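Worksheet for the structure shown next.
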Amino acid sequence: MTRPVFRFAPSPNGDLHLGHAFSALTDFRAANAAGGRFLLRMEDIDTTRCRPEFEAGILADLAWLGLRWETPVRRQSEHFADYAAALARLTDIGLVYPAFLSRGAIKARVEAAEADGRAWPRDPDGAPLDPGDDRDLDAAEAERRIAAGAPFAWRLRMAKACAAAGDGLAWQEEGEGPGGETGRVAAEPERWGDVILARRDTPTSYHLAVVVDDALQGVTHVVRGRDLFHATSVHRLLQRLLGLPEPVYRHHRLILDGSGRKLSKSLRDTSLAALRASGATPADICRMVGLEPEAEPNRTGSVSRTERRR
1 MTRPVFRFAP SPNGDLHLGH AFSALTDFRA ANAAGGRFLL RMEDIDTTRC
51 RPEFEAGILA DLAWLGLRWE TPVRRQSEHF ADYAAALARL TDIGLVYPAF
101 LSRGAIKARV EAAEADGRAW PRDPDGAPLD PGDDRDLDAA EAERRIAAGA
151 PFAWRLRMAK ACAAAGDGLA WQEEGEGPGG ETGRVAAEPE RWGDVILARR
201 DTPTSYHLAV VVDDALQGVT HVVRGRDLFH ATSVHRLLQR LLGLPEPVYR
251 HHRLILDGSG RKLSKSLRDT SLAALRASGA TPADICRMVG LEPEAEPNRT
301 GSVSRTERRR
């Protein structure tokens, strides 16, 4: 019988915080409970923000927490050709187009519409949807702009993609969505509009890379935060379009700060490295995120007397 495969996939663009610790520990423990394999993947497609020192810090933090993973670690920056091949497949069947409208231009359109009292459609994360100006742009004109060096993004023709995917698109949820969703959950990728799959200077996006990686690594169980629950709709759509297997999903609760805000690397929330430097132990971290500390083996691989007495 094939062993289930789990993975933890952080981005090395900052230090890990308590939210990452909870996710990694939850994932690792789920893999152990299922007798499965545990993989580590570095989602480093943003080569300007992801740095080797952050990856080294992640490896040190996870090892300190007691996690063990298979090697080699997959780094997305080393596999751009895999994502380009997937993008080419979608392009060949007419589901991708180059969009030239910049973020600034979209923002200006949204602000003008809302100032005029008109609501602008937004995705589940609250970001305004692209208006789709370039969806039907003449192919020759698009090629001319690309050749001239105009910035652009490759977007998915969402309506056409949903039609191509057919009915019954859903996923198996073993955790719980923000609205209590569990069991078989119907996917609603259309809520995301024409999502970006790649950019001129980056041959992939998170959405495309994650489904390609999960398939290539044989991932059967995806354990991640509830903030990615709605994104699963896009991932299931891409999996069906590309003929990729469907993993089981488990979205877990998020670790919030005192104001109810999700922890973030960009906002410099307390890092695991800082907590470790202040004297915190892995058991302390478990308690901080609401997990029961597990017995730790000593150097001989047996449980210490101290742990047995607890």
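Residue numbers for the sequence shown follow the UniProt record's numbering, beginning at 1 and rising by one.
Glycine residues also receive a C-beta, built at the ideal position from the N, C-alpha and C atoms.
Model, not experiment: these values are computed from the prediction.
Cβ neighbour criterion (16 or more within 10 Å) applied to residue i
{"i": "THR2", "result": "exposed"}
{"i": "ASP130", "result": "buried"}
{"i": "ALA115", "result": "exposed"}
{"i": "VAL211", "result": "buried"}
{"i": "ARG99", "result": "Per the sequence presented here, residue 99 reads as Ala, with Arg not at that position. The residue is buried, with at least 16 neighbouring Cβ atoms inside 10 Å."}
{"i": "THR281", "result": "exposed"}
{"i": "GLY258", "result": "exposed"}
{"i": "THR71", "result": "exposed"}
{"i": "GLU43", "result": "buried"}
Three-state class that DSSP yields for residue i in the structure shown
{"i": "HIS79", "result": "coil"}
{"i": "ILE285", "result": "helix"}
{"i": "HIS230", "result": "coil"}
{"i": "PRO124", "result": "coil"}
{"i": "LEU101", "result": "coil"}
{"i": "ILE196", "result": "strand"}
{"i": "TRP154", "result": "strand"}
{"i": "GLU43", "result": "coil"}
{"i": "VAL212", "result": "helix"}
{"i": "GLU173", "result": "strand"}
Distance CB(residue i)-CB(residue j) smaller than 7 Å
{"i": "PHE28", "j": "LEU87", "result": "no"}
{"i": "TRP171", "j": "ALA198", "result": "no"}
{"i": "PHE54", "j": "ALA31", "result": "no"}
{"i": "LEU244", "j": "ALA215", "result": "yes"}
{"i": "MET158", "j": "GLU190", "result": "yes"}
{"i": "ARG41", "j": "ARG89", "result": "no"}
{"i": "ASP133", "j": "LEU156", "result": "no"}
{"i": "VAL222", "j": "PRO247", "result": "yes"}
Candidates the options, of which the one nearest residue i by Cα
{"i": "GLY94", "options": "CYS162, LEU40, VAL210", "result": "CYS162"}
{"i": "GLY166", "options": "THR182, ALA187, PHE152", "result": "ALA187"}
{"i": "GLU176", "options": "ASP194, ALA283, LEU254", "result": "LEU254"}
{"i": "GLY19", "options": "ARG261, VAL195, GLU292, GLU294", "result": "ARG261"}
{"i": "residue 350", "options": "ALA105, GLY36, ALA24, ARG75", "result": "The chain is shown from 1 up to 310; residue 350 falls before or after that span and cannot be answered."}
{"i": "HIS207", "options": "ARG236, GLY179, VAL223, GLY225", "result": "ARG236"}
{"i": "VAL289", "options": "PHE22, ASP201, GLU141", "result": "PHE22"}
{"i": "LEU256", "options": "PRO52, GLY35, ARG226", "result": "ARG226"}
{"i": "TRP192", "options": "HIS230, HIS221, ARG200", "result": "HIS230"}
{"i": "THR202", "options": "TRP69, LEU62, ALA33, ALA84", "result": "ALA84"}
Validate contact between the stretch 75-86 and the stretch 106-124 using beta carbons, cut 8 Å, 3 pairs: no
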